[in-house]
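**Student:** Protein sequence lines, in the order shown, are assigned to chains S and W. Going by my numbering, the first sequence opens with residue 2, and the numbers climb by one from there. Going by my numbering, the second sequence opens with residue 1182, and the numbers climb by one from there.
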Amino acid sequence: MTDTIVIAELSKGKINATTNELVTAAGMLGSNCTLVVPCTESSVANDAGSIAGITKVIAAKSSVFETYDAAAWAEALDSASPSGIVITSASAQSKDLAARLAARRSVSVIQDVTGIQNGTLSTPIYSGKAIQNVSLNGDAVVTIRANIFPPAENSGNCDVQVLDTTGNVATALQEMVQRASERLDVSEANIIVSGGRGMGTPANFSHLEEIADKLGAAVGASRAAVDTWEEIPHSMQVGQTGKTVNPNLYIAVGISGAIQHLAGMRSSKYIVAINKDAEAPIFQHADYGIVASWEDALPVLSNSLASLLG
Amino acid sequence: MNSVGHNAGDYMVNIAVLVKQVPDTNSKIQIVGDRVDLSSVKMEISPYDEFAVENALQHKESEGGTVTAITVGNDGADKVLKGVKALGVDNIVRLDYDGYMDSNGLQSVLADEIKSGGYDVVYCGKSAADTGAGSTGPGIAERLGWGSISNATAIKFGEGLMVTSPAEGGDAIASLSLPAVVSCDKGSIKVRKSNVKGIMMAKRAQVDVKSVSPPSPTITIVSEVMPPAKPAGKKYEGAQSAQTVAQLLRDEANVI
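#1: Look at the alpha carbon of W:L1430 and the alpha carbon of S:I272, and state the distance between them as a whole number of angstroms.
#2: Could you tell me whether the segment 236–245 of chain S touches the segment 288–302 of chain S, where touching means 3 or more Cβ pairs closer than 8 Å?
#3: Tell me the DSSP secondary structure of W:V1185 in three-state form.
#4: Just the C-alpha distance for W:R1385 and W:V1253, rounded to the nearest angstrom, thanks.
#5: Which residues, in chain order, does the segment 157–189 of chain S contribute to contact with chain C at a C-beta distance below 7 Å?
#6: Listed in chain order, which residues of the segment 194–217 of chain S have Cβ atoms closer than 8 Å to some Cβ of chain W?
#7: Excluding five sequence neighbours on each side, which residues of the same chain lie with their C-beta closer than 8 Å to the C-beta of W:A1420?
#8: Does DSSP classify S:Q241 as helix, strand or coil?
#9: Hey, which unbroken runs of the alpha helix (DSSP H) at 4 residues or more fall wholly within the segment 56–134 of chain S?
#10: Report yes or no: do the segment 1288–1296 of chain W and the segment 1214–1229 of chain W share at least 3 C-beta pairs separated by less than 8 Å?
#11: Taking the C-alpha atoms as reference points, what is the distance between S:I260 and W:I1321?
#12: Cutting at 8 Å between CB atoms, please list the residues of its own chain near S:C159, excluding the five before and the five after it.
#13: Taking the alpha-carbon of S:K215 as reference, which of S:K13, S:K15, S:S305 has the nearest alpha-carbon?
#14: Taking 8 Å as the threshold (C-beta atoms), are S:E211 and S:S303 in contact?
#15: Measuring alpha carbon to alpha carbon, tell me which residue in W:A1197, W:L1238, W:S1331 is nearest W:S1297.
#16: How is W:V1200 classed by DSSP in three states: helix, strand or coil?
#17: Verify whether the separation of the beta carbon atoms of W:T1345 and W:A1361 is less than 8 Å.
#18: Spatial neighbours of S:S80 within its chain, please: C-beta separation below 7 Å, excluding the five flanking residues on both sides.
#19: Using 8 Å as the limit for Cβ to Cβ distance, is W:N1285 near chain S?
#20: Return the Cβ separation of W:L1357 and W:G1341 in integer angstroms, given the expectation that the two are a contact with Cβ distance under 8 Å.
#21: Give the single residue among S:T229, S:D278, S:A225, S:T121 whose Cα lies nearest to the Cα of S:A27.
#22: Per DSSP, what are the beta-bridge partners of S:A222 in this structure?
#23: Using three-state DSSP, classify S:N148 as helix, strand or coil.
#24: What would DSSP say about S:D48, mapped onto helix, strand or coil?
#25: Give the interface partners of S:F150 over in chain W, defined as CB-CB distance under 7 Å, in chain order.
#26: Do S:A171 and S:A72 have their C-beta atoms closer together than 8 Å?
#27: By how many angstroms is the C-alpha of W:D1366 removed from the C-alpha of W:M1382?
#28: Do you know how far the Cα of S:Q175 is from the Cα of S:W269?
#29: Could you spell out the range, first to last residue, of the beta strand (DSSP E) harbouring W:R1216?
#30: Got a sec: which bits of the segment 1214–1242 of chain W sit with their beta carbon under 7 Å from any beta carbon on chain S, in order along the chain?
#31: At what residues does the beta strand (DSSP E) containing S:M2 begin and finish?
#32: Tell me, please, which residues DSSP counts as bridged to S:S136.
#33: Per DSSP, what kind of secondary structure is S:P39 in: helix, strand or coil?
#34: Kindly confirm or deny that the segment 77–91 of chain S and the segment 126–134 of chain S touch, where touching means at least three C-beta pairs closer than 8 Å.
#35: Does chain S have any CB closer than 8 Å to the CB of W:V1253?
#36: Report yes or no: is there a C-beta of chain S within less than 8 Å of the C-beta of W:E1405?
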């Protein structure tokens, strides 16, 4: 079996839980899994040895990992990684890195893998309107969508090797503009509450924010809402020309379910739709549909959530 | 290096923009046998490529230079090239190929073309609407040994570029010296529309057709299928049912 290399996914300087899902996927693609942790301080990798299913941890230590630079990260991680099938998450940054790593090794990159069966990898094409199944003839770089593979347990115990690496940095960070709101971005959230043109006015999105705050959710929007109202930024847009998301829970409010929108959220684990039009296409994709106006349904939902969540 | 607001005309920037034809994003996708059948689907330029073209044209207008649009495909892809020619692109190039290329093959032929064309900067869409992969821009940059920034939402042009792209918790504004590759997201730019004069001129424009021989694919497409149908959900009438749904989210779905 081919050796596998998992590039750990970090958020806020810590190894993210997604990494455990990547290790599970690695076990389905090959054996002898090495976990490579990009870090400025090797202590970040201290606990990584406990992930079950890996045989080795390499803490790839470099100052280039302070801020993201595609060229330098690819160079440093390539040098730290043995040959084999390289696996990363399918976050926007990791997809970018994966493309670079694959090009560096002159191998193919398969992005957004949502299934692995007997060596066949499934990836959504045409924004999820179809699925392409591919097999690998040799090494490759593979990115894995979050929330699909079960996470590997933290019951292992293997050594951490520290390796100093470096790379040529091509970009220079001038400024970080923090998001104005504390709210999560749709691409980072486990729960998303989205509004469409059915919300009537952009001001009515405050009702979605109220629910989102209760759930620790992000607020999203359909393309129709973003195109209609200047107050709703494109960064909130879920769909084929916005962000593709697959949270545990997606609550679509006043969204009819245009094919464009469905493409961006259909892989959500659970979908709730609230729409006064019983024929809206969104209901065909909803696990739980509520045929009612949002004006009537949201207060009920809000109160029910409040009593459930305490 | 980071000066923005360079005087136009000091030098000419050789700008490339990569474009791809894809099915109209509103179209239904059908499977015939074990492959997607696009024979009855309307093809158009991939949506994000429109932002790449707009950025390329704005770069030229700001700094002086030429813009060359490059695509890969058979002559069916000429329509997309003519479409961007009508917007003001100077040259249109098609790397002629009719078979399947994996990402390695596609990036190889594009990187070769970029190198031989002596380009200073390459713009492309953040991902194509068919594969959604977003590998081409960074992959080409790596092959050329260039810097790159993906998912750009705003670009300031100068001797180098000042590029805004999403980062954890907000937006990063970073300088990027040329040569470089930038993949473009929608951001706040408005794309121009072609006028009658542009369209007439584009009709007569010659596509520079070049043959390519990509390395053979290192992956095999086994099949293409429709996504598994979701079992029918539960549908309730009336606002009060929101209470039932909230309870199900806790007890049945375990998501809250």
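Note that CB positions come from ideal geometry on N, CA and C, so glycine has one too.
**Tutor:** Quick look at the numbers:
#1: Using only the alpha carbons, I get a separation of about 10 Å.
#2: No contact exists between the segment 236–245 of chain S and the segment 288–302 of chain S.
#3: Note on W:V1185: pLDDT 49, under 50, position unreliable in the model; no value is reported.
#4: Taking the straight line joining both Cα atoms gives about 20 Å.
#5: No chain C is part of this structure, whose protein chains are labelled S and W.
#6: For the segment 194–217 of chain S, the residues whose beta carbon sits under 8 Å from a beta carbon of chain W are, in order, L216.
#7: Here the set comprises nothing.
#8: DSSP places S:Q241 outside both helix and strand once states are collapsed to three, so it counts as coil.
#9: Unbroken alpha helix (DSSP H) runs of no fewer than 4 residues, entirely contained in the segment 56–134 of chain S, are found at 71–81, 93–105, following chain order.
#10: Not touching, per the Cβ criterion.
#11: Answer to the nearest angstrom: the Cα atoms are 31 Å apart.
#12: Excluding residues within five positions, the ones whose Cβ falls inside 8 Å are G50, I55, T56, K57, V58.
#13: Checked all of S:K13, S:K15, S:S305; the closest Cα to S:K215 is S:S305.
#14: Closer than 8 Å, so yes.
#15: Shortest Cα-Cα distance from W:S1297 to any of W:A1197, W:L1238, W:S1331 involves W:A1197.
#16: If DSSP states are grouped into helix, strand and coil, W:V1200 belongs with coil.
#17: The Cβ atoms of W:T1345 and W:A1361 do not sit closer than 8 Å to each other.
#18: Counting only Cβ-Cβ distances below 7 Å, and skipping sequence neighbours, we find T166.
#19: Interface residue, yes.
#20: Cβ atoms of W:L1357 and W:G1341 come within 8 Å of each other, at about 6 Å.
#21: For S:A27, the nearest C-alpha among the options comes from S:T121.
#22: S:G196, S:Q238, per the DSSP bridge assignment.
#23: In the structure shown, S:N148 sits in coil (DSSP, three-state: anything other than H, G, I, E or B).
#24: Here S:D48 sits in helix by DSSP.
#25: Those do not exist, as S:F150 stays about 16 Å from chain W at its closest Cβ, beyond 7 Å.
#26: Remark: C-beta atoms of S:A171 and S:A72 approach each other more closely than 8 Å.
#27: Computed Cα separation, rounded: 28 Å.
#28: Just to set this straight, residue 269 of chain S is Ser in the shown sequence, not Trp. Their Cα atoms are separated by approximately 36 Å.
#29: 1216–1218 is the span of the beta strand (DSSP E), which, as asked, contains W:R1216.
#30: Hits within the stretch, in order: V1217, P1228.
#31: Run containing S:M2: none; DSSP gives neither H nor E here.
#32: S:T121, W:T1401, per the DSSP bridge assignment.
#33: S:P39 falls in the strand class under three-state DSSP.
#34: No, they do not touch.
#35: By this cut-off, W:V1253 is not an interface position.
#36: With 8 Å as the cut-off, W:E1405 counts as an interface residue toward chain S.
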